[in-house]
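Heads up: the structure comes next, in structure tokens.
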Amino acid sequence: MCPKRFLLFGLIASFFSSLAFAADSDLPAYERTTPSSIPNTTQVYLYAPRDIVFDSDGNIFISDASNHRLVKITSDQTITTFGSQGATHGKFNFPHGLFLDSSDKLYVVDTTNKRVEKYSSSLVYEMTFGSAGTGDGQFSSPGDVVVDSAGYVYVTDIVLNRVMKFEPDGDYSAKWGTTGSGNGQFSSPGRMAIDSDDKIYVSDYSNSRVQRFTSSGVHELSIGSYGTGDGELVYSLGVAVDEDDNIYISEGGARVQKFNSSGVYQSKWGTLGNSNGDHESAYSIVLNGGYLYMVDNTINRVTKFTLAGGFVYKWGLMGGENGEFYNPAGACLDGNDTLYVSDGETHRVQKFDGAGNFISTWGSEGSGDGQFSYPQGCFFYDNKIFVTDMSNDRVQVFDTSGNYLSQWGSSGAGNGQFNGPIGIVVSPTGRVYVSDSNNNRVQEFTTAGVYVNKFGESGSGDGQLDTPYNLGMDGYGHIYVADTYNNRIQKFTAGGVYISQWDHSGGMDEPQDVDVYGSYVYVTDTYNHMIKKFTLSGTYLAGWGALGSSTSQFNYPYATAITSSGNIYVVDTFNNRILYYEYPAVSGGDDDEEDEDDEDDNFSKGKLVINSSDGTIDGSSATTTKSPYIRLYLRASGDVAKVEQMKISTKSDLSEASWESYRTTKDYKLPDVLAGYTVYVRFKDTKGNVSDKISRGINYTGDSVPALVIVPELPRIEVEVTEPPVEIFPKGDVQQPKPHIGKPMGNILALSAEKLVGFFTSLGVGISTAALSVSPLLFTGLLSSLSTIPYINPWALPSLISGFFRKKDHPWGVVYDSKNKQPLDPVVLTLTSAAGKVIQTVTDMYGRYQFLVEPGTYTISARKTSYLFPSAKITSQLVEPVYSDILTATEVVVPTSGKLDLNIPMDALASNWNQLEKIRRGIGGTNPVFAFVTTIAYYAGLVWSIVVITKSPTPTNIFISIIFLLLFIYRTLEAYVKSWGVIKNHAGKFVPGCIVRLVNSVAPEFRGQVSVADYKGRYNFLVEKGNYQIRVDSQPALGVIKSFISSTIPIKKAFGRIGRDLKL
């Protein structure tokens, strides 16, 4: 997003004086790519690569699976591609494994076409073998291929759990392997390697091991088992063998481990991440020339390492180094056309000059001041950069050097709160508009973050929104909203009144950005991989782009930014690059008054445009304004030196004006007297040359209240510093508070609230204990009194009401503070089996968790700063009035259901600022007094109704008892229903060990929660309110080549859970 969308160059009939500007045409031409030059990087755009091989001439071949092609890189780094999606010879459908035999014949596993193809070294087709099926010589999901010294070909089948052997001519020869975990059995075999003795090594993914066989399929050796220790593997991925028969294995736990020929562990290396030398998914590894080459199908690159893990080189542009991108999400330009890019997965903003050269970066992952969690839109205004911090639900403000200035927003649906903010624009008079995507609305603020207004609601009607992404604004102050899931653009007044909408007759598919420049609207049609150009009324003019990685193609573009001269930056998100397109410059004429005596030939021609705050524009520029506040758009270029300064005045001689820094936009105030004015401008370059004078006229009428008003910032009140600050909720614990101006009264209230909660909780525990001790006497007394009272249920109404509010049973456990009963986050929970298998999870904002594991006995630990587990205060259910089914020991037995969801108390050892802030805001907590009172009242009524019905079974009392019973079932049953989803393959069998990702629909390709399906293929997610999708990524364990993405799953409740059954 960029502030240049207010520019009115395209609105006016050409206006020139002694300075010139670039005119508009339907489509711009490609100019350059950012990053333009990165050390140790070849500009090849890979999309889920799978394998790499080397021929005898030093050429490199890469299977670029999701681009359905092969990439060839010669020894001089010349890059060519071969193939496209299809089923004929020379075309591929998700190619995976590659192998070059001793004659440089290339074998390609064409996975989704269920075949293996053979090509010459010059990529001339020679042979195909294999077909779809389960019989001999047929494939369900072929994964990798190797060829022995005699020319026999070996192919793994990921789904059928076997290895097949073929004759050199492609005829079927033999097979081995069945489903299981014994020697010679497989669970999702993927990558292979072959040594000098024709021994076959098979990566047995879900069994977390590598098995070695003779060429006839006789099992010789197994290496590894599941675990994180030395010699253990977390799902084996790639395998390679060196000249000394040492074995290298890559795994899902971001390690490469080395074993000797007997399978004895030797060493390890590897770091999880996206910087040089890091990796996220080492899908395959290959040894060549004393180096190890790793293919990472998650961050789309191939990296060259020394055998000790030292970084050497890489192909592919995704990364976390300076100038690199990892799913960039937004962009904006300042007054000097300096480019700022919000880089989503690296949680930072990067700054580039006008030529695409990297300048600086700021930000890191977190929730502190200046940190981000998936930054999205950005906007330049008043020498500040406004950035939407999506997962932290806030807007942060920085200066142009990246210094943190301020922030506003919190999680929620109230005024000024956000649920996934994405787009942001600022009007000429300082109104900030933010698209609050998951709340399906746009909110308006002052630049100080003061809430002003909102518009939009969930739906598909006029003015309704479904997950709006980015915003644009024209020179009239109209707001354009990319109504993403409604596949349209909607147009509103500055006050949020609906005006119109449009899509495109060719169809928009989840448009995610809208930018306005002059009289043109540019729409990022993300899932059509296009940029489309419209008029302000929505008439389609032109468009460009298609799926791909050439300079005229895109891979899910997310946003655009437009320069002061109308040229366009495109954020090509999945290609991890920024493309820059320019419109051809044209000459213009003069229609302004000129000062012939002052003309300076050192300047080219250019223009001045005036935009009034109320949008009264006639023809080429604003002719009247109801407000004295106007915005000037300026363009100047020097022939001999760079333009450096400008002078602006309503006096023709500019005698009262001072020189100021040159910029392309200027907010200017006219004199207070209602009159007609002419605005005059001069420019000066770095050598002191002064341009001639240009001008524009405008009539200040002042006959009504302006549509846009500048709101001054409120004065700040500072008081004595007495306590450390509260960090922004809800991300993490504060261990070292920072200095803070102003007394944090909220913290004092939170501390007081904590003491009050603790007092009433203790009181509730005392009352409940006393009630238990005297309950036999009370019950006897009640029975004896039945003969003297009417046989009706006096508790019915208040008890039934209490029943609706009493604490509901849920299919998850909660980790909570033993004193104030508030849920704790984040808490790291670790389960360790008797065999040493480790499973971990982290509680969400509401303290929730759930384990899906094999039944058995486990040791559990809970870890959080300033908290103790197990609790010394809550030692049995007898002293816990709020939570039931509590866990008070470190040993736990998981029942046959495989579900562990006990509630876990922890004792606070010291004040925790994150938890105090949650109490103060009333977020995610449980009121123990309310829970205690409603529970006691409900059960008293339930017991009384049973007693009464035994003495007086009247229709009224029977009806009341039935209501009590139904309410009991309603509030309790959810805890016992199936709370997980199951992943099955095409044959209906469980698929264990696969990677399941939860993606928030605001940003479908950003990483959300990640789960590994258990031994029964089960998974689940505990989520907040929002729209989600389930994604099963391409994994060697699954044989799923194209990522499976579910339809959108709406979660309407704050305490949500997702467990949809999936069939692959």
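In case it helps, mature numbering (1 follows the signal peptide of the UniProt record, and there is no 0) puts the sequence shown at residues -22 to -1, 1 to 1042.
Note that beta-carbon positions come from the ideal geometry of N, C-alpha and C, so glycine has one too.
Since the structure is predicted, the reported quantities are computational estimates derived from the model, not experimental observations.
Alpha carbons only, please: which of ASP126, PHE60, LYS1041 is nearest the one belonging to PHE70?
PHE60
For GLY919, does the three-state DSSP call read helix, strand or coil?
helix
Element boundaries [beta strand (DSSP E), containing MET451]:
446 to 451
With three or more beta-carbon pairs closer than 8 Å as the criterion, would you say the stretch 280 to 291 touches the stretch 307 to 321?
no
Counting only the same chain and skipping the five closest in sequence on each side, list residues whose C-beta sits under 6 Å from that of ASP367.
PHE350, PRO353, GLN374
Reference ASP126; option with closest CA among LYS629, SER118, GLU145
GLU145
Give the single residue among LEU878, SER930, PRO848 whose Cα lies nearest to the Cα of MET884.
PRO848
Roughly how many angstroms separate the alpha carbons of GLN828 and LYS967, rounded to a whole number?
24 Å
Local conformation of THR66 per DSSP, three classes:
coil
Comparing alpha-carbon positions, which option in SER369, ASP377, ASN370, ASP371 lies nearest ASN361?
ASP377
Where does the unbroken beta strand (DSSP E) through VAL264 begin, and where does it stop?
260 to 266
Return the first residue and the last residue of the beta strand (DSSP E) that PRO306 is part of.
306 to 311
DSSP three-state label for TYR498, please.
strand
Express the C-alpha separation of ALA110 and SER174 in angstroms, rounding to a whole number.
32 Å
Residue environment, TYR103, which counts as buried when at least 16 other CB atoms sit within 10 Å:
exposed
Could you give the C-beta distance for VAL404 and TYR359, rounded to a whole number, given that I count them as a contact under 8 Å?
4 Å
Any chance the stretch 421 to 429 sits against the stretch 437 to 445, with 3 or more Cβ pairs inside 8 Å?
no
Helix, strand or coil for VAL805 per DSSP?
coil
Starting from the C-beta of LEU846, find all residues in its chain whose C-beta is less than 7 Å away, skip the five residues before and the five after it, and write them out in chain order.
MET884, ASP885, LEU887
Report back the beta-carbon spacing between THR112 and LEU76 to the nearest angstrom; my notes put them in contact at under 8 Å.
25 Å between Cβ atoms; not a contact.
Excluding the five sequence neighbours on either side, which residues of its own chain have a C-beta within less than 6 Å of the C-beta of HIS920, listed in chain order?
The sequence shown places Leu at residue 920, not His. Same-chain partners within the cutoff: PHE942.
Selected residue, minimal CA-CA separation from TYR271, among PRO1028, VAL820, ASP29, ASN1005
ASP29
Can you give me the C-alpha to C-alpha distance between SER867 and VAL806, rounded to a whole angstrom?
First, the amino acid is wrong: residue 867 is Ala here, not Ser. One C-alpha to the other measures close to 16 Å.
Check whether VAL234 and SER228 have beta carbons under 7 Å apart:
yes
The stretch 527 to 542 in contact with the stretch 502 to 511 per 3-pair CB rule at 8 Å:
yes
For PRO1028, count neighbouring Cβ atoms within 10 angstroms of its own Cβ and tell me buried if that reaches 16, exposed if not.
exposed
By DSSP, does ALA391 sit in helix, in strand, or in coil?
coil
Would GLN421 be called buried (16 or more neighbouring beta carbons within 10 Å of its own) or exposed?
buried
With a Cβ-Cβ cutoff of 7 Å, do ALA26 and PRO73 count as a contact?
no
Measuring only the C-alpha atoms, how far is ASN416 from LEU449?
15 Å
Kindly indicate which residue of ILE608, GLN818, ARG466 has the alpha-carbon position closest to the one of ILE486.
Per the sequence presented here, residue 486 reads as Met, with Ile not at that position. Among ILE608, GLN818, ARG466, the Cα nearest to that of MET486 belongs to ARG466.
State the Cα-Cα distance for the pair ARG1009 and SER338, rounded to the nearest angstrom.
34 Å
Determine the DSSP secondary structure at LEU943, reduced to helix, strand or coil.
helix
Taking only three categories from DSSP, how would you classify THR19?
At THR19, the pLDDT of 41 sits below 50, so the modelled position is not reliable and the matter cannot be decided from this model.
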